[in-house]
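Heads up: the sequence shown begins at 69 in the numbering used here, then just goes up one per residue. Glycine is no exception: its CB is placed at the ideal position from the N, C-alpha and C atoms. Nothing here was measured: the structure is a model prediction, and the numbers come from that model.
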Amino acid sequence: MNIVFSDVDGTFQDLGVPVPQINIDAVKRLQEAGDHFVFVTGRGIGLVEQMEQEIGIDCDVIFGNGAGFKARGQFPTYSNCLSIDTLRLLLPILDEENILYFIHTDTEVVIQPVEKYEVHLQKLRNSLSFMGNQGKLLMDYKTEYFKEQCYHVEDVIGFFEAHPERTIVKIELMEASDKKHEILRERLTIKDTYVFTSFIKTLEIVNPLSTKGAAIRAYLEKLPHALSFGIGDGENDLTMFETVDVAVAVANASDTVKNKSHKTTLSCNEGGVGKFIFDEILNYTK
Numbered sequence: 069m070n071i072v073f074s075d076v077d078g079t080f081q082d083l084g085v086p087v088p089q090i091n092i093d094a095v096k097r098l099q100e101a102g103d104h105f106v107f108v109t110g111r112g113i114g115l116v117e118q119m120e121q122e123i124g125i126d127c128d129v130i131f132g133n134g135a136g137f138k139a140r141g142q143f144p145t146y147s148n149c150l151s152i153d154t155l156r157l158l159l160p161i162l163d164e165e166n167i168l169y170f171i172h173t174d175t176e177v178v179i180q181p182v183e184k185y186e187v188h189l190q191k192l193r194n195s196l197s198f199m200g201n202q203g204k205l206l207m208d209y210k211t212e213y214f215k216e217q218c219y220h221v222e223d224v225i226g227f228f229e230a231h232p233e234r235t236i237v238k239i240e241l242m243e244a245s246d247k248k249h250e251i252l253r254e255r256l257t258i259k260d261t262y263v264f265t266s267f268i269k270t271l272e273i274v275n276p277l278s279t280k281g282a283a284i285r286a287y288l289e290k291l292p293h294a295l296s297f298g299i300g301d302g303e304n305d306l307t308m309f310e311t312v313d314v315a316v317a318v319a320n321a322s323d324t325v326k327n328k329s330h331k332t333t334l335s336c337n338e339g340g341v342g343k344f345i346f347d348e349i350l351n352y353t354k
């Protein structure tokens, strides 16, 4: 049996464009062959399910960078999340540094009123001007997401104190200044956190046990004789690469990621995931 673990953003789907049809076809063919395809993503489960519905597939999903798991046809479960005590330590630092941040839970994404972040959003938009229309699409999407899809609260800590039943999956932040990213990495890295770059201008903070690698190891314990493949493009995919039998980088991955891979495939926009599955796995198993 083969198991393909695939990142989503920058690997399976690029920003603001449809999923390449070859990726969709490859997932369906892989499942028809009796193999497994598993999304491994920093996204929340809601965004993954929305994508799956739009393209007509149903897969196992490791989400929240490893904090959650949803098997096909089942409800999501959570493990190794953040505590409110960790929020009490980190959020004052983010407020002191004047950072745009938002917190993913099992129910919603919590953010302070977006009006507070108008200057941040404009600086982010300016910093992505080198990307041309893609940068504009990213900021249009993020701005709409923050305004229309997130839950706005004035007092974030107060919200979680009033709702102890919430599962705190991760903290995500966006910052235009690369120099400040380095400062934040240093200040936010404590015993109970793992800080990493998940996307351009974006840092995420999770429980140190909540990594793609740890979640994949738990998944593979149930299928010890499977041949595992991991396809990715970013820093948080490196723990996946360390765990699977065959690590595959898409062409748009950084050199650091490519150097840790066993194989490379076409870029995300060219359907590198589907291309690899058809050429390297399905042909082999026929």
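Here the alpha carbons of residue 169 and residue 222 stand approximately 13 Å from one another. Between residue 246 and the set 125, 263, 144 and 268, the nearest pair of CA atoms involves 268. Between residue 350 and the set 94, 88, 260 and 79, the nearest pair of CA atoms involves 94. Cβ neighbours of residue 203 within its own chain (closer than 7 Å, five residues either side excluded): 196 and 197. By the Cβ neighbour-count rule, residue 181 is exposed, with fewer than 16 other Cβ atoms within 10 Å of its own. Here the alpha carbons of residue 344 and residue 211 stand approximately 34 Å from one another.
Proximity of the segment 281-296 to the segment 150-162 falls short of the contact definition, fewer than three beta-carbon pairs being nearer than 8 Å. Spanning the alpha carbons of residue 218 and residue 230 requires a straight line of approximately 18 Å.
Judged by pairs of C-beta atoms under 8 Å, the segment 300-307 touches the segment 315-330, as three or more such pairs exist.
Close CB contacts of residue 301 within its chain, under the 8 Å cut and outside five residues either way in sequence, are with 75, 78, 79, 317, 318, 320, 321, 322, 325 and 336 (chain order). Looking from the CA of residue 163, the closest CA among 260, 149, 127 and 255 belongs to 255.
When only Cα atoms are considered, residue 287 and residue 140 end up about 13 Å apart.
Of the candidates 113, 105, 309 and 91, 113 places its Cα closest to the Cα of residue 177. Beta bridge pairing from DSSP links residue 315 with 298. For residue 213, the closest alpha carbon among the candidates 297, 298, 189 and 102 is that of 189.
Under DSSP, residue 77 shares a beta bridge with 81.
For residue 133 against residue 238, the beta-carbon gap comes to about 6 Å, under 8 Å, which counts as contact. Rounded to whole angstroms, the Cβ separation of residue 72 and residue 297 is 5 Å, and the two are in contact under 8 Å. In the DSSP assignment, residue 228 falls within the unbroken alpha helix (DSSP H) covering 224-230. Closest option to residue 275, judged by alpha-carbon separation, among 250, 299 and 235: 235. Taken atom to atom, the span from the alpha-carbon of residue 313 to that of residue 273 is near 27 Å.
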